[in-house]
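For reference, the structure discussed in these notes is given below.
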Amino acid sequence: MGILDGKNILVAGVTLDTSIGFAVAKFAQEQGATVLISNFGQALRITRRIAKRLPTLPPVLELDVTDAEHLAALPDAIRAELGEDAVLHGVVHSIAYGNPETLLGGKFLTGPWADVAQAVQVSAYSLKDLAVACRPLMSDGGSVVGLTFDATIAWPVYDWMGVAKAALESTSRYLARDLGPDGIRVNLVSAGPLRTLAAKAIPGFEELESMWSTKAPLGWDNTDQEPTARAVCALLSDLFPATTGEIVHVDGGFHAMGA
Ligand code: NAP
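Quick note on numbering: full-length UniProt numbering labels position 213 of the sequence shown as 213, and the sequence is numbered without any gaps.
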């Protein structure tokens, strides 16, 4: 028996098998869930190929979270896969983007607003848009889970993505407030640095990674997405029925250490 038996879960933001979303989809399937995954644009082709590496081949949906038409069509796209009476029990937002040329790697004082606006829309505002798009299918309540990188402090090189993550963390609390009456919980997992496509695009990412080797009391494997995926799946399950607006750290304990 798995902790997600009988649950239908959308994981938005899977490109490669290094994607945190891929690890979430895999563990969710292993725990009994029916999973749909999504991505957008040209990478959709890659996602369709990578999906074959999951234990069960999931439907792959096209979803650009900045595209109003995609968002409006999402419930019908899910019904087309799961049936007219489809219910969604969980939604995972595993999505972020900030222009690495202009916003990251020491560009804080020069990052242009248009790029900052894009980063905030894709990485934070879209959590609200995705949850609202899925709400008609979540008539039984459910769980929305997103991924953050601790935005309570300023990091080297993370720059405007740090600001976008602060917006994401705040967005999740307001969503928890507004969707709670529908029985929908909204939580985030704050992961330590993991070698994914998004992370490798951050100029100077190694500087962030290197801090974990000395400071995380449990140690940290930056190539192992599974601990993060397990926490996401725990939050998707019925094991946290009274938890919302929460941020669970999966970072080897790094966040709790002063030095
Ligand atoms: P990833 O594999 O690159 O996943 C990010 C996903 O976001 C990609 O599938 C990307 O698609 C998608 N995306 C970007 N813009 C989108 C849009 N407009 N509409 C729909 N999807 C879009 O990297 P990841 O590290 O697994 O990132 C997943 C989440 O974990 C992100 O929120 C990230 O900030 C967070 N996180 C990562 C780390 C880390 O160290 N890796 C740590 C803490 C939190 P394309 O590939 O097509 O652009």
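Glycine included, each C-beta is placed from N, C-alpha and C at the ideal position.
Inter-residue CB distance, residue i and residue j (contact presumed, cutoff 8 angstroms)
i: LEU57; j: LEU74; result: Actually they are not in contact, since the Cβ atoms of LEU57 and LEU74 sit about 20 angstroms apart, beyond 8 angstroms.
i: THR171; j: LYS128; result: 6 angstroms
i: GLY32; j: GLY21; result: Between GLY21 and GLY32 the Cβ distance is about 18 angstroms, and since that is not below 8 angstroms, they are no contact.
i: VAL157; j: VAL189; result: With a Cβ gap of about 21 angstroms, VAL157 and VAL189 do not count as contacting.
i: LEU208; j: TRP155; result: 6 angstroms
i: ILE202; j: LEU109; result: That pair is no contact at about 17 angstroms.
i: GLN225; j: ALA23; result: 4 angstroms
i: VAL92; j: VAL145; result: 5 angstroms
i: LEU197; j: SER38; result: In fact, because the Cβ distance is near 16 angstroms, the residues do not count as touching under 8 angstroms.
i: PRO217; j: PHE205; result: With 8 angstroms as the limit, PRO217 and PHE205 do not qualify as a contact, their Cβ atoms being about 22 angstroms apart.
Helix, strand or coil at residue i [DSSP, three-state]
i: THR148; result: strand
i: SER38; result: strand
i: GLY141; result: coil
i: residue 260; result: A query on residue 260 cannot be resolved here, the shown segment of the chain reaching from 1 to 259 and no further.
i: HIS70; result: helix
i: HIS93; result: strand
i: LEU127; result: helix
i: residue 318; result: No answer is possible for residue 318: it lies beyond the span of the chain, which begins at 1 and ends at 259.
i: GLU101; result: coil
i: VAL248; result: strand
i: VAL60; result: strand
i: ALA51; result: helix
i: SER172; result: helix
i: GLY162; result: helix
i: GLU30; result: helix
i: PHE108; result: coil
i: LEU82; result: helix
i: VAL116; result: helix
i: ASP76; result: helix
i: ALA256; result: helix
i: GLY2; result: coil
i: VAL157; result: coil
i: VAL65; result: coil
Close Cβ partners of residue i (< 7 angstroms) along its chain, the five nearest in sequence each way excluded
i: LEU88; result: ASN8, LEU10, ILE78, CYS134, LEU137, MET138, GLY142
i: VAL120; result: ALA164, ALA167
i: LEU4; result: ALA28, GLN31, GLY32, ALA33, CYS233, LEU236, SER237
i: THR223; result: ARG195
Neighbourhood of residue i by C-beta, 6 angstroms cutoff - its chain only, sequence neighbours within 5 removed
i: PHE149; result: LYS165
i: VAL250; result: VAL189, ALA191, PRO227, THR228, ALA231
i: ARG185; result: SER143, THR244
i: ILE247; result: LEU188, SER190
i: ARG53; result: ASP17
i: PRO55; result: GLN29
i: GLY183; result: GLY141
i: GLY2; result: GLN31, GLY32
Within-9 angstroms CB hit, residue i to chain C
i: THR102; result: The structure shown contains no chain C; it is built from a single protein chain.
Sequence-distant residues of the same chain with beta carbon closer than 8 angstroms to residue i, five excluded per side
i: PRO112; result: THR102
i: SER123; result: ILE95, ALA96, TYR97, GLY98, MET161, ALA164, LYS165, ALA167, LEU168
i: THR72; result: The sequence given here places Ala at residue 72; Thr does not occur at that position. Answer for ALA72: ALA133, listed in chain order.
Near ligand 2: residue i beta-carbon under 8 angstroms from a heavy atom
i: THR171; result: The model on display carries ligand 1 but not ligand 2.
Checklist entry - Touching or not, the stretch 157 to 164 and the stretch 92 to 100, by the rule of three or more beta carbon pairs under 8 angstroms? => result yes
Next on the checklist: Report the start-end ranges of each alpha helix (DSSP H) in the stretch 178 to 242 that is 4 residues or longer and not cut off at the edges.
Outcome noted: 197 to 200, 205 to 215, 226 to 236
Checklist entry - Are the stretch 239 to 255 and the stretch 207 to 225 touching, with three or more C-beta to C-beta distances below 8 angstroms? => result yes
Next on the checklist: For the structure I just gave you, are there three or more beta carbon pairs, one from the stretch 116 to 131 and one from the stretch 39 to 57, closer than 8 angstroms?
Outcome noted: no
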